Amino acid sequence: MSLNFRIPRIARPSVSGAAVAVLAAGLLALGGCSQMPTFDALSVSGDKVLGLVTPYRVEIVQGNVVTKEQIAAIKPGMTRPQVRDVLGSPLLTDVFHEARWDYVFTIRRQGAAPQNRHILLTFDGDQLSKIDAPDDLPTEKEFIASINTLKLSGKEPKLELTEEERKALPPPVRTAATAAPEPIGPTRDYPPLEPRR
Numbered sequence: 000m001s002l003n004f005r006i007p008r009i010a011r012p013s014v015s016g017a018a019v020a021v022l023a024a025g026l027l028a029l030g031g032c033s034q035m036p037t038f039d040a041l042s043v044s045g046d047k048v049l050g051l052v053t054p055y056r057v058e059i060v061q062g063n064v065v066t067k068e069q070i071a072a073i074k075p076g077m078t079r080p081q082v083r084d085v086l087g088s089p090l091l092t093d094v095f096h097e098a099r100w101d102y103v104f105t106i107r108r109q110g111a112a113p114q115n116r117h118i119l120l121t122f123d124g125d126q127l128s129k130i131d132a133p134d135d136l137p138t139e140k141e142f143i144a145s146i147n148t149l150k151l152s153g154k155e156p157k158l159e160l161t162e163e164e165r166k167a168l169p170p171p172v173r174t175a176a177t178a179a180p181e182p183i184g185p186t187r188d189y190p191p192l193e194p195r196r
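Going by numbering that gives the first Met the number 0, the letters in the sequence shown line up with residues 0 to 196, in that order.
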């Protein structure tokens, strides 16, 4: 007696050439990920994206600009409305510290160094009693120069001619006396649009 067992043949899936190509491309792409730059290099929060493109950053200005001239204009003993007239409204007025006004200024501009300043004014009743301001406050001109990101060529354009240049110019051509001015309005009488009654 012979035992004939048939061993089932395991069916091999047929793999097409396109599937092999897609699989190979996927493996190459995954292998390439190990060579990719880190997410910090891809981030737009850095200076450059992929080291090539500098992203546009929105200019952020908060608070009041307080200059040396303004600090020199306020003196202890001034009232709150007088101080507000000189410096503007404070950025912070705390309900728990009614005698304290905080003037905070921050600016972040592309192409310029960020600036942060904090000025603290303390009142005794309605009178200014103490001014706490940094010594390195800029003057108005210094502040404008610090935020100006335009690079000027240094050579200013000529706005006026010298007396010699004016004399060298040809004299203006005089025209003959002009005729009478042209009449304003229609020069011809038109019939009325509505019949007369």
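Backbone N, C-alpha and C fix where the C-beta goes; we use that ideal spot for every residue, glycine too. Since this is a predicted model, take the numbers as computed values, not measurements.
query, result
"Simplified DSSP assignment, three categories, for V60", "strand"
"Span separating the alpha-carbon of Q126 from that of M77", "5 Å"
"Chain-order list of residues whose beta-carbon lies under 6 Å from that of R56 (same chain, five-residue window excluded)", "Q109"
"I73 beta carbon less than 8 Å from that of V64", "no"
"Beta-carbon spacing of L136, K67 below 8 Å", "yes"
"Segments of 3+ residues assigned as beta strand (DSSP E) that fall wholly inside the stretch 133 to 180", "none"
"Continuous alpha helix (DSSP H) stretch holding R99: start and end", "No alpha helix (DSSP H) contains R99, which is instead part of the beta strand (DSSP E) from H96 to R107."
"Same chain, Cβ closer than 8 Å to S145, five either side skipped, listed in chain order", "A111, A112, Q114 and P137"
"Residue span of the beta strand (DSSP E) that contains P91, given as start and end", "Here residue 91 is Leu; the residue named in the question, Pro, does not match the sequence. It spans L91 to D93 - the beta strand (DSSP E) in which L91 sits, taken as one unbroken run."
"Beta carbon of L91 nearer than 8 Å to that of D101", "yes"
"Chain B within 8 Å of L22, Cβ atoms only", "Reference to chain B is not applicable here, since this structure consists of a single protein chain."
"Assigned exposure category for I106 - 16 Cβ within 10 Å defines buried", "buried"
"D188 versus P170 - alpha carbon distance", "45 Å"
"For D84, the first and last residue of its enclosing alpha helix (DSSP H)", "R79 to L86"
"Secondary structure of I130, DSSP reduced to three states", "strand"
"Rounded separation between P182 and K154 - CA only", "51 Å"
"H117 beta carbon less than 8 Å from that of V94", "no"
"Range covered by the beta strand (DSSP E) that runs through I118", "Q114 to D123"
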